[in-house]
Amino acid sequence: MNFKDYRDFTGSSPEKFFKSSLFRSENLLLGLNCLEPGQSQPEHGHTSQDKFYFVLEGQGEFSVGEESRTLGPGLAAWAPAGLPHGVRNEGDQRLVILVGIAPAPG
């Protein structure tokens with residue numbers, strides 16, 4: 008399938024944020040991260056992969072390196088390879104983020 012509706016891939020998990028893949032090849036992973044209020048993706052890094060976050064729904068606090076910003080729908084964050092990054096949903100609704108990682112992990 009070369010065409011997908013991201014809303015078919017959203018979900019939640021009470022233990023930790025929800026992840027799903029829309030598309031994956033050896034060159035690119037394109038997926039969703041869904042964070043309920045209070046959930047976070049701890050700061051981490053990818054030594055040889057670039058990553059972007061694009062907010063589809065909700066609002067979150069994103070960190071990339073030493074910078075931190077609150078982003079809502081239509082806004083994006085870029086984390087070049089090796090730079091620590093993370094996100095926290097401090098809002099009162101689900102945060103849905105389109106995530107791209109290149110090259111794909113694994």
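Note that our numbering numbers the sequence shown so that position 86 is 93, with each residue one more than the last. Backbone N, C-alpha and C fix where the C-beta goes; we use that ideal spot for every residue, glycine too. The structure displayed is predicted, hence computed values, not measured ones.
**OP:** For the beta strand (DSSP E) containing serine 47, list its first residue and its last residue.
**Re:** 47-51
**OP:** State yes or no: is the C-beta of glutamate 50 within less than 8 Å of the C-beta of proline 91?
**Re:** yes
**OP:** Could you tell me whether the Cβ atoms of glutamine 48 and valine 103 are closer together than 8 Å?
**Re:** no
**OP:** Just the C-alpha distance for lysine 26 and proline 87, rounded to the nearest angstrom, thanks.
**Re:** 21 Å
**OP:** Measure the C-alpha to C-alpha separation of proline 21 and glutamate 68 and round it to an integer number of angstroms.
**Re:** 20 Å
Subject >> Residue range of the beta strand (DSSP E) that includes arginine 31 >> reply: 25-31
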